[in-house]
């Protein structure tokens, strides 16, 4: 399960240290790597997809990682993109006005809803 987050460089060491401690407590294996000059780092959470317990632990770790980055004035992704795995974090990271603006841009660029239909910003706001 590859993932990444990005935080201001001034919070990077703190975020990595907290994430490493969280990872150690989680019981899952995930190397942490990054090109951290821009505040971006990656985890590749190694999980047995047939183990419901491992998948649940990995997903919980991922959720905490993203929420930690957002709380540190960062973003849910540095470069991997939002996609279907992180779309639920956008309303946490961005206010309603920003979400509406992104939706307007999506609608202007793809008025027929042909690109990634039914995903991310193509659906009406909740």
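Residue numbers (this note's numbering): 2 to 127. Built from N, CA and C at the ideal position, the CB exists for glycine as well. Remember, predicted model here, so these are calculated numbers, not experimental data.
Assignment of beta-bridge partners to residue 7 by DSSP yields 41, 76. Annotation: residue 114 is outside any alpha helix (DSSP H) and is labelled neither H nor E by DSSP. Annotation for residue 27: 58, 62 place their beta carbon closer than 6 Å to its own, counting only its chain and skipping 5 residues before and after.
If you look at residue 84, you'll find it in the alpha helix (DSSP H) that goes 84-87. Scanning 38, 33, 96 for the CA closest to the CA of residue 71 turns up 96.
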